[in-house]
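Down below is the structure, laid out as structure tokens.
In our numbering, the protein residues as written are 29 to 209.
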């Protein structure tokens, strides 16, 4: 029985298929929780579920992205951005940075993306959630190193995150030991 929708991903075509799925699922999460689509930060993460899959995807990532000498690099800049065409009311989106996550036995998700809001609107959203406002599928992400709101749905195998544009750029580098590279 296959437990994960795409894993193990073993080639470029399967990686692009998973990325397209993550994109569609995360835009669905955004619309379900907020009633609108937010601007996309260009970050997309693909979650591995097997060690050999991780090794394969790291080799693919090395072919698709600029190299980095930074041992804390998390997201790598794509040599050629991945553009996903508009579909219905979901806008065309360009992904510029790719993250391949190590296997995590506690995550069944295919991957994640980052949306952003201006600082004032983000603070208002976060403060309302902290004050107890219920927004279906939205919660303050419980990490000390990341200031983000997580979008989730148990029936959707992807996660989306909302923050400020500045934070969506900061997450491209490991910010603490809580980050699983």
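Every residue gets a Cβ at the ideal spot worked out from N, C-alpha and C, and that includes glycine.
In this text the structure is predicted, and so the values were computed from the model without any measurement.
From residue i to residue j, what distance separates their C-alpha atoms?
| i | j | result |
| --- | --- | --- |
| residue 192 | residue 77 | 29 angstroms |
| residue 86 | residue 153 | 35 angstroms |
| residue 38 | residue 170 | 32 angstroms |
| residue 109 | residue 123 | 6 angstroms |
| residue 150 | residue 45 | 31 angstroms |
| residue 96 | residue 118 | 32 angstroms |
| residue 146 | residue 173 | 20 angstroms |
| residue 100 | residue 157 | 31 angstroms |
| residue 175 | residue 189 | 10 angstroms |
| residue 80 | residue 93 | 20 angstroms |
| residue 194 | residue 74 | 22 angstroms |
| residue 82 | residue 54 | 22 angstroms |
| residue 34 | residue 168 | 28 angstroms |
| residue 112 | residue 121 | 5 angstroms |
| residue 198 | residue 42 | 28 angstroms |
Let me know the secondary structure DSSP gives residue i once reduced to three states.
| i | result |
| --- | --- |
| residue 90 | helix |
| residue 156 | helix |
| residue 195 | helix |
| residue 120 | coil |
| residue 80 | helix |
| residue 125 | strand |
| residue 31 | coil |
| residue 53 | helix |
| residue 150 | helix |
Just to confirm my understanding: we take residue i, look at its own chain, exclude 5 residues before and 5 after, and list those with CB closer than 7 angstroms. What are they?
| i | result |
| --- | --- |
| residue 296 | Because residue 296 is not part of the residues shown, which for the chain are 29 to 209, the question remains open. |
| residue 32 | 77 and 136 |
Might you give, ordered along the chain, the residues of its own chain that have their beta carbon closer than 6 angstroms to the beta carbon of residue i, omitting 5 neighbours on each side?
| i | result |
| --- | --- |
| residue 29 | With a pLDDT of 42 at residue 29, under the threshold of 50, the modelled position of that residue is not reliable, and the figure given next carries that caveat. Excluding residues within five positions, none has a Cβ falling inside 6 angstroms. |
**Q.** Cβ pair count under 8 angstroms reaching 3, the region 129-143 against the region 157-168
**A.** The region 129-143 is not in contact with the region 157-168.
Q. Hey, is the region 140-149 in contact with the region 46-57, meaning 3+ C-beta pairs nearer than 8 angstroms?
A. The region 140-149 is in contact with the region 46-57.
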